[in-house]
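Q:
There are 2 protein chains.
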Amino acid sequence: MSKNLTSRSEDYSKWYNELVVKADLAQNSAVRGCMVIKPYGYAIWEKMQAELDRMFKETGHQNAYFPLFVPKSLFEAEEKNAEGFAKECAVVTHYRLQNDPDNPGKLRVDPEAKLEEELVVRPTSEAIIWSTYKGWIQSYRDLPLLINQWANVVRWEMRTRLFLRTAEFLWQEGHTAHATKAEAITEAELMNNVYADFAENFMAIPVIKGTKTESERFAGADETYCIEALMQDGKALQAGTSHFLGQNFAKAFDVKFASSEGTQEYVWATSWGVSTRLMGALIMTHSDDQGLVLPPNLAPNQVVIVPIYKGAEQLEELSATVQGIMKNLRALGVTVKYDDRDTYRPGAKFAQHELQGVPLRIAIGARDLANGTVELARRDTLTKESIALEGLEQHIKALLEEIQQSLFDKSKSYRDDHITAVDTFDEFKKVLKNKGGFISAHWDGTSETEEKIKELTKATIRCIPMDYKEEEGKCVLTGNSSSRRVLFAKAY
Amino acid sequence: MSKNLTSRSEDYSKWYNELVVKADLAQNSAVRGCMVIKPYGYAIWEKMQAELDRMFKETGHQNAYFPLFVPKSLFEAEEKNAEGFAKECAVVTHYRLQNDPDNPGKLRVDPEAKLEEELVVRPTSEAIIWSTYKGWIQSYRDLPLLINQWANVVRWEMRTRLFLRTAEFLWQEGHTAHATKAEAITEAELMNNVYADFAENFMAIPVIKGTKTESERFAGADETYCIEALMQDGKALQAGTSHFLGQNFAKAFDVKFASSEGTQEYVWATSWGVSTRLMGALIMTHSDDQGLVLPPNLAPNQVVIVPIYKGAEQLEELSATVQGIMKNLRALGVTVKYDDRDTYRPGAKFAQHELQGVPLRIAIGARDLANGTVELARRDTLTKESIALEGLEQHIKALLEEIQQSLFDKSKSYRDDHITAVDTFDEFKKVLKNKGGFISAHWDGTSETEEKIKELTKATIRCIPMDYKEEEGKCVLTGNSSSRRVLFAKAY
Chain A
40 MSKNLTSRSE
50 DYSKWYNELV
60 VKADLAQNSA
70 VRGCMVIKPY
80 GYAIWEKMQA
90 ELDRMFKETG
100 HQNAYFPLFV
110 PKSLFEAEEK
120 NAEGFAKECA
130 VVTHYRLQND
140 PDNPGKLRVD
150 PEAKLEEELV
160 VRPTSEAIIW
170 STYKGWIQSY
180 RDLPLLINQW
190 ANVVRWEMRT
200 RLFLRTAEFL
210 WQEGHTAHAT
220 KAEAITEAEL
230 MNNVYADFAE
240 NFMAIPVIKG
250 TKTESERFAG
260 ADETYCIEAL
270 MQDGKALQAG
280 TSHFLGQNFA
290 KAFDVKFASS
300 EGTQEYVWAT
310 SWGVSTRLMG
320 ALIMTHSDDQ
330 GLVLPPNLAP
340 NQVVIVPIYK
350 GAEQLEELSA
360 TVQGIMKNLR
370 ALGVTVKYDD
380 RDTYRPGAKF
390 AQHELQGVPL
400 RIAIGARDLA
410 NGTVELARRD
420 TLTKESIALE
430 GLEQHIKALL
440 EEIQQSLFDK
450 SKSYRDDHIT
460 AVDTFDEFKK
470 VLKNKGGFIS
480 AHWDGTSETE
490 EKIKELTKAT
500 IRCIPMDYKE
510 EEGKCVLTGN
520 SSSRRVLFAK
530 AY
Chain B
40 MSKNLTSRSE
50 DYSKWYNELV
60 VKADLAQNSA
70 VRGCMVIKPY
80 GYAIWEKMQA
90 ELDRMFKETG
100 HQNAYFPLFV
110 PKSLFEAEEK
120 NAEGFAKECA
130 VVTHYRLQND
140 PDNPGKLRVD
150 PEAKLEEELV
160 VRPTSEAIIW
170 STYKGWIQSY
180 RDLPLLINQW
190 ANVVRWEMRT
200 RLFLRTAEFL
210 WQEGHTAHAT
220 KAEAITEAEL
230 MNNVYADFAE
240 NFMAIPVIKG
250 TKTESERFAG
260 ADETYCIEAL
270 MQDGKALQAG
280 TSHFLGQNFA
290 KAFDVKFASS
300 EGTQEYVWAT
310 SWGVSTRLMG
320 ALIMTHSDDQ
330 GLVLPPNLAP
340 NQVVIVPIYK
350 GAEQLEELSA
360 TVQGIMKNLR
370 ALGVTVKYDD
380 RDTYRPGAKF
390 AQHELQGVPL
400 RIAIGARDLA
410 NGTVELARRD
420 TLTKESIALE
430 GLEQHIKALL
440 EEIQQSLFDK
450 SKSYRDDHIT
460 AVDTFDEFKK
470 VLKNKGGFIS
480 AHWDGTSETE
490 EKIKELTKAT
500 IRCIPMDYKE
510 EEGKCVLTGN
520 SSSRRVLFAK
530 AY
């Protein structure tokens, strides 16, 4: 595994691309824009999935599975949603291949096997799910309906990047149905809070909760809640969204329920999702020029142990001690791997585990064994210490917690240092150019101004923060009156 | 939830279809041949997934994820595999929809957005995965490569049935690469054994391990191992397969490795999979005319508690006791649900839980409370007993284990009673017609005879059992010499 990453300061974008591939997280595939998630990357995604799934169930949601395909007639039923996704969807038109008479040994689409109605590969599942909910919801007793799906979706993006923007990606999509508007809004906010909790306390990524402006909203939503994170290059990344869909899909698919008073009412809806894009956020928040840095919560192996030995006899002696350490660590709930491969030398192993972000590395040799010590290397700080075997496991357990917290604190400190309040457009442009990060500025509330600022600076409104106070001011571009600041940034 | 299932003796096929829908497991969707897996059905599938995933990891496999789409040029690379799946594959030809000028408000495929190369929605992933493995495997040090993927796949079947045969289904597919033929065969056999272990010890479904005849082999395999189960109507169901792929895919995609001696060798391959079809096997093995019967290992709720009460005060008293029971059950690792919905009456709840196969049901009312007892109903035997609150949880824990074992024993006894050895074709037809099940008979080893028997009787060779002994005999159809018996049956 060759190292030598481009440094972040040299070319952040190149550093990211190299890191994803060299740390064995993912790679491009033979299919344009689609990635292969490699075992090491997938193991991290599995940890995210497990924790999110636990949080969804704890908040009363159940998993289900809906078809990959959306018949065109359903896809187009909710007009705004259809308009939003029509330009980037993969379409199945045939259901058979046949031998190509002009090219022996090759296949071609069988013209006789054309579908009567085209099928869209789901870019998101509101349409297929709400056409199904019509059969599930008759009465208020069927509500709320709290469903989540783990699935793959396809959006035919023209410019793709591993994890951040791919034609196919993995995600979860929650789709809930409620009797009242207030309940649906509460649900949308709740799930945005669940995402924020997950990002901060599990992924160690500080986020800002807010709502999107109309032009940045999900196609078909009345309100989009989001969590926004800040990457080390000063660009923002939307890490999760939760939508209040009003009655838009209920009306498009005629989903009504009999209320407890006996009236027929349209159902209120939410949807919410996070995707493998979170892998991109994870990588870009914590990693450094030496490679990946993983918060212990997300590390497939929290500790790796490398034996330093000459000959089978020494290895055997070391291994006996190592087995004891591993047993004790596992009893404390720590995941540990013994890297006793004889096809690689210790130096190569150190380099690999550093590149792959294993939080703690133990090296143990014959001399250590004689001294009753091991060498413990910490990935996030790149520091080493010699430490007694006695009490090692408890020390490691505590250290892992410290690392988890320290990564969050470090990211939060960086993020907080990169929220700049500005009151003029000159300042706006200067901060954006010299410092980056979030810019807190007054905006007159119109899509025209938002669009104009984007044209002039490439910065967009990332969100209208949930916890900001009303404050009289003047729009940074037009000087028109404004009652609150919003957060701008260049974004992924 | 309406009950009144068609009985198995009246119409087994109708009974199955009704049960799947009425027990809330799955339903047909707006997409031809694709199903919606409902939350209750999905919760059972999740239990299967979790256990299989654990077993795969325990045997050294890692998960990864490969693209949904297979470019046509890769799809056609391994000729037999392509030939086997070309007739039933969904093909993406376009990547955009546009407003239909002839139908305002409707969309159509954008003729400008035609793909240069068609994309096949994966019916299985050997092609895309082996084209990727080419980049992963250079040396013997990269082997073995032991990968599994959880994914959806699409096969455009013309006649579909919920879970048993659907156009889209969920599955796992293992794809491994090895340095030697012997190692690959060992892997294929190992995974078939893992499937058998899972079916018998987790799903309580007895299976016969064997190999497929040439005509029933996976397209592209040199050998297909399988596990075969027997349903209550005397038809067999293939519950899992594991393939030794030889060097077929390595040759098609030019995947070679440098051996430790420095020579360049083609890699040896296996693939193996089970799917949501297992849900069909589960349902048809254990369930009865009252509905679903679930082995405790697979029940989303092993125990359900229904309070019998009048008024809020009585409910509150009962609930205090119930909370204590639930806490104790959970401490023993038993999953339990308190069904205190006030929108349904106890009778309706009993009917629902019976239909949905909850292994144990506790009913508790004011009188029970006074007597220090509860009513405990067992789903598999449809028996009830009044039992002391004292020691209830330990009793339940033991009873769940007894039920798990009892379901297996019952199925095995039925299965063993339905393996009939015959020596003439008249007997063969008679047993097939009057009794069904597996028929153990001599076969001359030719595909012609196999095909002829299928034409005459609709029975196919389910497998050549692994543990059968060499035995001289004469083919049941042709009278030609044969050295072992094989198992015939009508099959799903």
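Residue numbers (my numbering), protein chains in the order written: chain A, 40 to 531; chain B, 40 to 531. By construction, the Cβ of each residue, glycine as well, lies at the ideal position given by its N, Cα and C atoms. Quantities reported herein were computed from a predicted structural model and do not represent experimental measurements.
#1: Enumerated in chain order, which unbroken segments of the alpha helix (DSSP H) with a length of 4 residues or greater are wholly contained in the stretch 423 to 490 of chain A?
#2: Can you give me the C-alpha to C-alpha distance between A:THR422 and A:VAL373, rounded to a whole angstrom?
#3: Whose C-alpha, out of B:ALA416, B:ALA152, B:ALA235, is nearest the C-alpha of B:MET505?
#4: I want to verify the contact list: residues of chain B whose CB lies under 9 Å from the CB of A:SER170, in sequence order.
#5: Along the chain, where does the alpha helix (DSSP H) containing A:HIS325 start, and where does it finish?
#6: So A:GLN271 and A:ARG47 are supposed to be a Cβ contact under 8 Å. How far apart are they, rounded?
#7: Tell me which residues share the same chain as A:GLY80 and place their Cβ nearer than 6 Å to its Cβ, disregarding the 5 neighbours each side in the sequence.
#8: Starting from the Cα of B:ARG400, find the closest Cα among B:LEU439, B:ALA370, B:ALA409 and give me that residue.
#9: According to DSSP, simplified to helix, strand and coil, what is A:LEU394?
#10: Closer than 8 Å, CB to CB, is B:HIS217 near chain A or not?
#11: Taking the CB atoms as reference points, tell me whether A:LEU331 and A:ILE322 lie closer together than 8 Å.
#12: For the stretch 425 to 438 of chain B against the stretch 210 to 222 of chain B, are there 3 or more C-beta pairs whose distance is under 8 Å?
#13: Straight-line CA distance for B:GLY259 to B:GLN277?
#14: Under a three-way DSSP split, which group does A:GLY350 fall into?
#15: Which residues in chain B sit within 8 Å of A:GLU207, going by Cβ to Cβ distance?
#16: Apart from the five residues just before and just after B:ILE435, which ones in its own chain have a Cβ nearer than 7 Å to its Cβ?
#17: For A:ALA460, count neighbouring C-beta atoms within 10 Å of its own C-beta (all shown protein chains included) and say buried if the count is 16 or more, exposed if not.
#18: With respect to the alpha helix (DSSP H) encompassing B:GLU207, which residues constitute its N-terminal and C-terminal limits?
#19: Using a Cβ cut-off of 8 Å (strictly closer), state whether B:ARG384 contacts chain A.
#20: Look up B:LEU337 in the DSSP assignment and say whether it is helix, strand or coil.
#21: Just tell me which of B:ARG71, B:VAL130, B:TRP175 has its CA closest to the CA of A:ASN28.
#22: Taking all protein chains shown into account, do 16 or more other C-beta atoms lie within 10 angstroms of the C-beta of A:GLN433, making it buried, or fewer, making it exposed?
#23: Output the distance between the C-alpha atoms of A:MET40 and A:GLN391, rounded to the nearest integer angstrom.
#24: How many Å lie between B:LEU209 and B:VAL192 at the Cα?
#25: Would you decide whether B:GLU441 is buried or exposed? Buried here means 16 or more other CB atoms lie within 10 Å of its CB.
#26: Taking the alpha helix (DSSP H) that A:ILE224 belongs to, which residues open and close that run?
#27: For A:VAL470, which residues from the same chain have a beta carbon less than 8 Å from its beta carbon, with the 5 sequence-adjacent residues on both sides left out?
#28: In chain A, which residues lie less than 9 Å from B:GLN137 when you measure between Cβ atoms?
#29: Would you call the CB atoms of B:LEU58 and B:SER326 closer than 8 Å?
#30: Kindly say whether A:GLU548, judged by its beta-carbon, lies nearer than 8 Å to any beta-carbon of chain B.
#31: Let me know the secondary structure DSSP gives B:ALA416 once reduced to three states.
#32: Starting from A:LEU113, find everything on chain B with Cβ-Cβ shorter than 7 Å and list it in chain order.
#33: Report yes or no: is there a C-beta of chain B within less than 8 Å of the C-beta of A:ALA387?
#34: If you follow the beta strand (DSSP E) that A:GLN303 is part of, which residue opens it and which one closes it?
#35: In three-state terms, what does DSSP make of A:SER112?
#36: Which residues in the same chain as A:TYR348 place their Cβ atom closer than 6 Å to its Cβ, once the five residues preceding and following it in sequence are excluded?
A: Let's see:
#1: Listed in chain order, they are 431 to 456, 464 to 473.
#2: Here the alpha carbon of A:THR422 sits roughly 20 Å from the alpha carbon of A:VAL373.
#3: For B:MET505, the closest of B:ALA416, B:ALA152, B:ALA235 by C-alpha to C-alpha distance is B:ALA235.
#4: Residues of chain B passing the Cβ test: SER68, ALA69.
#5: Run containing A:HIS325: 316 to 325, per the alpha helix (DSSP H) assignment.
#6: The C-beta distance from A:GLN271 to A:ARG47 rounds to 6 Å, short enough to fall under 8 Å.
#7: Excluding five sequence positions before and after A:GLY80, the CB atoms of its chain that fall closer than 6 Å to its own CB belong to LEU64, ALA65, given in chain order.
#8: Minimum Cα-Cα distance from B:ARG400 among the listed residues B:LEU439, B:ALA370, B:ALA409 corresponds to B:LEU439.
#9: Of the three classes helix, strand and coil, the one that applies to A:LEU394 here is helix, per DSSP.
#10: Answer no: the Cβ-Cβ gap between B:HIS217 and chain A never drops below 8 Å.
#11: Yes, they are a contact pair.
#12: With the cut-off at 8 Å, the stretch 425 to 438 of chain B and the stretch 210 to 222 of chain B do not touch.
#13: One C-alpha to the other measures close to 18 Å.
#14: In this structure, A:GLY350 counts as helix in the three-state DSSP scheme.
#15: Within 8 Å of the CB of A:GLU207, the CB atoms of chain B belong to PRO106, LEU107, PHE108, in sequence order along the chain.
#16: Here the set comprises VAL342, LEU368, VAL373, LEU399.
#17: Burial state of A:ALA460 is exposed, judged by a 10 Å Cβ sphere holding fewer than 16 other Cβ atoms.
#18: Annotation for B:GLU207: no alpha helix (DSSP H) segment contains it, though the beta strand (DSSP E) segment containing it runs 207 to 217.
#19: Chain A, which has no Cβ nearer than 8 Å to the Cβ of B:ARG384, makes this no.
#20: Per DSSP, reduced to three states, the secondary structure at B:LEU337 is helical.
#21: Limits of chain A in this structure are 40 at one end and 531 at the other, which puts residue 28 of chain A out of reach.
#22: That one is exposed.
#23: Because A:MET40 sits at a pLDDT of 44, beneath the cut-off of 50, its placement in the model cannot be relied upon, and the point is left open.
#24: Between the alpha carbons of B:LEU209 and B:VAL192 lies a gap of roughly 6 Å.
#25: Exposed.
#26: Taken as a continuous stretch (DSSP letters only), the alpha helix (DSSP H) holding A:ILE224 covers 220 to 236.
#27: So the qualifying residues of the chain are THR459, VAL461, GLY476, ILE478.
#28: Under the 9 Å cutoff, chain A gives ALA125, LYS126.
#29: For B:LEU58 and B:SER326, yes; Cβs fall inside 8 Å.
#30: What the structure shows of chain A is the stretch from 40 to 531, and residue 548 of chain A is not part of that stretch, so it cannot be assessed.
#31: Residue state, collapsed to three classes: strand.
#32: Taking a Cβ-Cβ cut-off of 7 Å, the neighbours of A:LEU113 in chain B comprise ALA69, given in sequence order.
#33: No, its Cβ sits nowhere closer than 8 Å to a Cβ of chain B.
#34: Bounds of the beta strand (DSSP E) holding A:GLN303 are 303 to 305.
#35: It is helical.
#36: So the qualifying residues of the chain are LEU354, LEU357.
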